[in-house]
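Q: The structure's right below; bear with me while I get my questions together.
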Amino acid sequence: VRHSRDQTPGWRGLEALSASPVAAEDGGADHPTTHPEVTMMNALPRSPVVVGVDGSGGSLAAIQFGAAEARRLATGLTLVHVVPSHSVSAPAPMMALPPNDLVEVGQSILDTSASRARGAAPDIPITSVLRRGKRSLELSEASASAPLLVVGRDSRPTLDRLLFGNTATGVACRASCPVVSVPPDWE
4 VRHSRDQTPG WRGLEALSAS PVAAEDGGAD HPTTHPEVTM MNALPRSPVV VGVDGSGGSL
64 AAIQFGAAEA RRLATGLTLV HVVPSHSVSA PAPMMALPPN DLVEVGQSIL DTSASRARGA
124 APDIPITSVL RRGKRSLELS EASASAPLLV VGRDSRPTLD RLLFGNTATG VACRASCPVV
184 SVPPDWE
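Per the numbering used here, the very first residue in the sequence shown carries number 4; after that it's consecutive.
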């Protein structure tokens, strides 16, 4: 048996919500139910789209995609680079990079990424953030209130991604917003 909305007991629809106060159908005139006025806001301030950057080809494509989405959503763009909070070991005969050197390299990556983002979307606000810690955790935290988190697709071999982790997979499991993994050849 099919019922239309008008025949369903208790159905008032959105038009009933915009009238304030409204007497509840089941409460009678003695028990009015007040509903807040429903208004549509077109210019709500939105948190910026967050893009994780690392200087790779996937990261550069992620900047392009993130900038396009920020423009579409009428919001800003936040570029985030994460450096480890400990020294990174390198294969012999290279020396390990101390955390301070990683900060300098990270800032350089952010500067290059911001320049690229400004070229892609000169009309939106762009900010850069350097964080320390584990990539997937820091990116997830940085995007906690974002409408979208964008990362570049990892092009390392499958075995490397399995052994050393994959940022896109890590943030997809942890982020509280939608996550987009952009391939390096995205245009």
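Using N, Cα and C, we set each Cβ at its ideal position, and we do this for glycine too.
Taking all protein chains shown into account, decide if R138 is buried (16 or more other Cβ within 10 angstroms of its Cβ) or exposed.
A: buried
Q: Using DSSP with H/G/I as helix, E/B as strand and the rest coil, what is V56?
A: Reduced to three states, the DSSP call for V56 is coil.
Q: Using only the alpha-carbon positions, how far apart do R49 and T78 sit?
A: 6 Å
Q: Does the segment 111-126 come close enough to the segment 55-64 that 3 or more CB-CB pairs lie under 8 Å?
A: With a cut-off of 8 Å on Cβ pairs, the segment 55-64 is in contact with the segment 111-126, counting three or more such pairs.
Q: Rounded to whole angstroms, what's the CA-CA distance from S92 to G136? Just pull it up for me.
A: The pLDDT assigned to S92 is 49, lower than 50, so where the model puts this residue is not dependable; a value taken from the coordinates is nonetheless given after this. The alpha-carbon atoms of S92 and G136 are separated by roughly 15 Å.
Q: With a threshold of 6 Å on Cβ separation, who are the neighbours of P51 within its own chain once the five nearest residues in sequence on each side are excluded?
A: T78, G79, L80 and T81
Q: List the whole-angstrom C-beta distance separating G69 from V153, where the pair is believed to meet the contact cut-off of C-beta under 8 Å.
A: 4 Å
Q: Please state whether DSSP places I129 in a helix, a strand or coil.
A: Three-state result, I129: strand.
Q: Looking at C-alpha atoms only, which residue of I127, P125 and V86 is the closest neighbour of G109?
A: V86
Q: Roughly how many angstroms lie between the CA atoms of L133 and S146, to the nearest whole one?
A: 13 Å
Q: Pull up the distance between the alpha-carbon of V25 and that of C180, whole angstroms please.
A: Confidence at V25 is low in this model, with a pLDDT of 38, below 50, so its placement is unreliable and no value can be given for it.
Q: For G122, count neighbouring Cβ atoms within 10 angstroms of its own Cβ and tell me buried if that reaches 16, exposed if not.
A: The residue in question, G122, is exposed, as its Cβ has fewer than 16 Cβ neighbours within 10 Å.
Q: How big is the Cα-Cα spacing for A124 and A71?
A: 7 Å
Q: According to DSSP, simplified to helix, strand and coil, what is S184?
A: In the structure shown, the three-state DSSP call for S184 is strand.
Q: Report the rounded CA-to-CA distance for H38 versus P186, giving the unit in angstroms.
A: Low local confidence applies: a pLDDT of 43 at H38 is under 50, so the model's placement there is unreliable, with the coordinate-based value given in what follows. Their backbone Cα atoms lie some 47 Å apart in a straight line.
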